[in-house]
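A.B. asks: Just passing along the structure, written as structure tokens.
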Amino acid sequence: GAVEASTAAAPDRDDWSAIGIVAVIIFCLYFVLFTVRAATKDEDEEKTETLAERWAHVQKGRWAIPRLGVRSEALPAVCTKVLTQNRDVPLLMPLEYLKQTPRVGWSAEILGGTNGSRLFKVCLMPAVRGKPRCLEVLGHSPHGEEDTVLVSVTAGLDIFNGEGKSFGKLARRADGEYMLEETLGRDPRWAISLDLAEDPSGSSMTMTLLPKGKLLATVSKGQRYLTITNTHGVDAVLVLACALGLVAFEFAPAASLSSRLRDVRDRVEGTAASLLTRLENAEGTAASLLTRLHT
34 GAVEASTAAA PDRDDWSAIG IVAVIIFCLY FVLFTVRAAT KDEDEEKTET LAERWAHVQK
94 GRWAIPRLGV RSEALPAVCT KVLTQNRDVP LLMPLEYLKQ TPRVGWSAEI LGGTNGSRLF
154 KVCLMPAVRG KPRCLEVLGH SPHGEEDTVL VSVTAGLDIF NGEGKSFGKL ARRADGEYML
214 EETLGRDPRW AISLDLAEDP SGSSMTMTLL PKGKLLATVS KGQRYLTITN THGVDAVLVL
274 ACALGLVAFE FAPAASLSSR LRDVRDRVEG TAASLLTRLE NAEGTAASLL TRLHT
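Residue numbers for the sequence shown follow the working numbering, so the first one is 34 and each next one is one higher.
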């Protein structure tokens, strides 16, 4: 009888052990769920930061340092080759070209601030038939080969990569801040704030990472150069394109009335010359047909 009792009690102890294990598992699952919800709630609250709060973070000088292996996910990049190259920072852009009206095309060298080496070339392409004005950032090719386009920005602030594919667009918000809206459709991660109170030319700006407002890059105006400084892990080419695109197309000196009239005259003369050429070709064709009919 004692043997039977002990045998019957054994399954009871096993059942209680199983119940205890299940209880521990359920507790762990609830703990994980609670932690995830709390983290999501904090993240949503952080996304509601105002421009003033982000600017306060900028003033503290907190640079955004992406973790190794997730840079492409943490920060947008159009040219990944320069993400880890910051020995030439800051980049220098001659101011003399930015003082011209955007209707005039120009080409300028971007220099490295540490040794003055030629790093990139920036070309402002005037509008041609069927194509808007465009600013291109080119990389120097070795052995005398043709320079390659790394990124381009149109007058409408549309950004294209070196292959001509849409990368994103700089969109102005009601508060005057610009957001980098990527073509992939994700929420903007770059905010560009201009210090128009100190520099009405639009040449002084900061680029911050959303939602925390950590500093990505700064653009400041000196006596001879526009100085572009980005932190390690931030695409210097994209920073350069965004900054120069805004300066060239949003804040460039307005064209004078005489230059606008000259542009209109040039367009009219070009159209008239094209029509005259077509008429001459039509006359030649008609003369050729008449000659054939007479013969």
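Glycine residues also receive a C-beta, built at the ideal position from the N, C-alpha and C atoms.
Assuming Y211 and P127 make a contact with CB atoms under 8 Å, what is their CB distance in whole Å?
C.D. replies: Here residue 211 is taken as the residue at index 178 of the sequence shown, counted from 1. Here residue 127 is taken as the residue at index 94 of the sequence shown, counted from 1. Contact doesn't hold; Cβ gap of about 23 Å is too wide.
A.B. asks: Alpha carbon to alpha carbon, how far is R162 from H327? Give it in angstroms, no decimals.
C.D. replies: As a working mapping, residue 327 is identified with position 294 in the sequence shown. As a working mapping, residue 162 is identified with position 129 in the sequence shown. Rounded to the nearest angstrom, the two C-alpha atoms are 42 Å apart.
A.B. asks: With H, G and I counted as helix, E and B as strand and the rest as coil, what does DSSP make of L229?
C.D. replies: One-based indexing of the sequence shown puts residue 229 at position 196. Coil.
A.B. asks: Pull up the distance between the alpha-carbon of R206 and that of L273, whole angstroms please.
C.D. replies: By 1-based counting over the sequence shown, the position of residue 206 is 173. By 1-based counting over the sequence shown, the position of residue 273 is 240. Approximately 21 Å between the Cα atoms of the pair.
A.B. asks: Quick one: measure Cβ to Cβ for V280 and S236, integer angstroms, because I've assumed they're closer than 8 Å.
C.D. replies: Against the sequence shown, residue 280 aligns to sequence position 247. Against the sequence shown, residue 236 aligns to sequence position 203. Going by Cβ atoms, the distance from V280 to S236 rounds to 6 Å, so yes, they are a contact pair.
A.B. asks: Going by other Cβ atoms of all chains shown within 10 Å of its Cβ, with 16 needed for buried, is N263 buried or exposed?
C.D. replies: On the sequence shown, residue 263 is found 230 positions in, with the first residue counted as 1. Buried: at least 16 other Cβ atoms inside 10 Å.
A.B. asks: What's the C-alpha gap between V184 and L248?
C.D. replies: Taking the first residue of the sequence shown as 1, we reach residue 184 at position 151. Taking the first residue of the sequence shown as 1, we reach residue 248 at position 215. If I take the Cα positions, the gap works out to 22 Å.
A.B. asks: Taking the straight line between their C-alpha atoms, what separation do you get for R104 and A276?
C.D. replies: As a first step, residue 104 must be located in the sequence shown, where it is residue number 71. As a first step, residue 276 must be located in the sequence shown, where it is residue number 243. Residue confidence for R104 is low, a pLDDT of 45 falling below 50, so the modelled location carries little weight; the figure read from the coordinates is stated next. Spanning the two alpha carbons is a distance of roughly 21 Å.
A.B. asks: Which word fits F282, buried or exposed, when buried means at least 16 other C-beta atoms lie within 10 angstroms of its C-beta?
C.D. replies: The residue given as residue 282 occupies position 249 in the sequence shown. Classification for F282: buried.
A.B. asks: What residues match up with N194 in a beta bridge as DSSP calls it?
C.D. replies: Taking the sequence shown and counting its residues from 1, one reaches residue 194 at position 161. Answer is V184.
A.B. asks: From G149 to S174, what distance separates their C-alpha atoms?
C.D. replies: The sequence position of residue 149 within the sequence shown is 116, counting from 1. The sequence position of residue 174 within the sequence shown is 141, counting from 1. For G149 and S174, the distance between alpha carbons rounds to 18 Å.
A.B. asks: Compare the beta carbon distance of A188 and P159 with 8 Å and say whether it is the shorter of the two.
C.D. replies: Locating residue 188 in the sequence shown gives position 155, where the first residue counts as 1. Locating residue 159 in the sequence shown gives position 126, where the first residue counts as 1. Not closer than 8 Å, so no.
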